[in-house]
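Okay, so here's the structure we're looking at.
Residue numbers (the numbering used here): 951 to 1289.
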């Protein structure tokens, strides 16, 4: 932005600002001005990828007192009486500085940690007109996904023969002079920061792996589950109720399928062992409905006989019913309300 003829001076002050975003990738955004007002910059910060936000300012001025002569503003510089009447009146200088904030990521969003102002090479020529700059930084007061940083540049211009000092107040170049100023001008800078991709703070639901599948064995030639094996089924169902109550409710309501696969050892014919494995599945289904106290439970039933047997003969491991719950379906069913 260009500030023309401030106060009772002629000339301009030119202010240009960049927003620098340092992280996995370095970005620079020019802050634009509209009708001598620098508009706020908007930036979407990818979560945990940005480490520092910085406002980089270049401010140049070339000013002089208005002429009391009839010619143009610069004509008095060539008048022989000038040095006696208003010595060292013209002045120009340059400020180049930055203000930075470190970005921290918390449970509820961004926090911004202001750092000291850095002088990047401010200079001034000897002259009667000088400009001093006071810097007032600010940032969001609390942790939030929508944060901001701002820097207020308060410029004051005056004459060196009145004791007005050149410098940036806040950096320690010289500070603001003590004399009254012939003009003052405020330039507010602001960057609005929006955090995106923040991880969910909701507790991730973890269902113990061994609850998704369970096997019940049967004695030789046994088609209905015995009391001894029934206690193991009780243990598994009690763990479901205790460690995953919402999964238990989803099973009870029929929202999660229960798969039952019955097997037999190779001691009988295909036909006999098919019927044995089917009866074993029916036996487990009856017990699950009874223990869940629900007739709404939905089952997928398979009677496989001894066709998938891995060992021949009266092997105990082949006389069983496998109970399985689909992990993805179970997780979807309980995700909304927790375990």
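Virtual Cβ for every residue (Gly too), placed ideally from N, Cα, C.
| Query | Result |
| --- | --- |
| Coil, strand or helix - residue 1179 by DSSP | helix |
| Which of helix, strand or coil DSSP assigns to residue 1010 | strand |
| Span of the alpha helix (DSSP H) around residue 1148 | Run containing residue 1148: none; DSSP gives neither H nor E here. |
| Check whether residue 997 and residue 1141 have beta carbons under 8 Å apart | no |
| Length of the line joining the Cα atoms of residue 1265 and residue 1215 | 6 Å |
| One or two residues paired with residue 1041 in a DSSP bridge | 1013 |
| Where residue 1283 falls: helix, strand or coil (DSSP) | helix |
| Short Cβ contact (8 Å threshold) for residue 963 with residue 1081 | yes |
| Inside the region 1188-1239 only - alpha helix (DSSP H) runs reaching at least 4 residues | 1195-1202 |
| Residues near residue 966 by beta carbon distance below 6 Å, same chain, minus five either side | 1008 |
| Residues bridged to residue 965 (per DSSP) | 1009 |
| Buried or exposed (CB count within 10 angstroms, at least 16 for buried), residue 1258 | exposed |
| Environment of residue 1256 [buried if 16+ CB atoms lie within 10 Å] | buried |
| Short Cβ contact (8 Å threshold) for residue 1212 with residue 1262 | no |
| Identity of the residue in 1271, 1074 and 1196 nearest residue 1166 by Cα | 1271 |
| Own chain partners of residue 1182 with C-beta closer than 6 Å, once the 5 adjacent residues on each side are dropped | none |
| Close-in-space but distant-in-sequence residues of the same chain around residue 1060 (CB under 8 Å, 5 per side omitted) | 995, 1053, 1054, 1090, 1093, 1094, 1095, 1097, 1143 and 1145 |
| Presumed contact (8 Å Cβ cut-off) between residue 1210 and residue 1276, rounded CB distance | Actually they are not in contact, since the Cβ atoms of residue 1210 and residue 1276 sit about 13 Å apart, beyond 8 Å. |
| Buried/exposed call for residue 1194, threshold 16 Cβ in 10 Å | buried |
| Chain-order list of residues whose beta-carbon lies under 8 Å from that of residue 1149 (same chain, five-residue window excluded) | 997 |
| Contact the region 1155-1173 vs the region 1100-1115: 3+ CB pairs below 8 Å | no |
| Extent of the continuous beta strand (DSSP E) run through residue 953 | 952-954 |
| For residue 993: DSSP bridge partner residues | 1143 |
| The beta strand (DSSP E) enclosing residue 976, as first and last residue numbers | Taken as a continuous stretch (DSSP letters only), residue 976 belongs to no beta strand (DSSP E), as it is neither H nor E. |
| Contacts around residue 1120, its chain only, beta-carbon distance under 6 Å, and the 5 residues preceding and following it disregarded | 1067 and 1085 |
| Which of helix, strand or coil DSSP assigns to residue 1084 | strand |
| C-beta atoms of residue 1251 and residue 1226 nearer than 8 Å | no |
| Collapsed DSSP secondary structure at residue 1162 in the structure displayed | coil |
| Bounding residues of the beta strand (DSSP E) (the contiguous stretch that carries residue 1101) | 1096-1109 |
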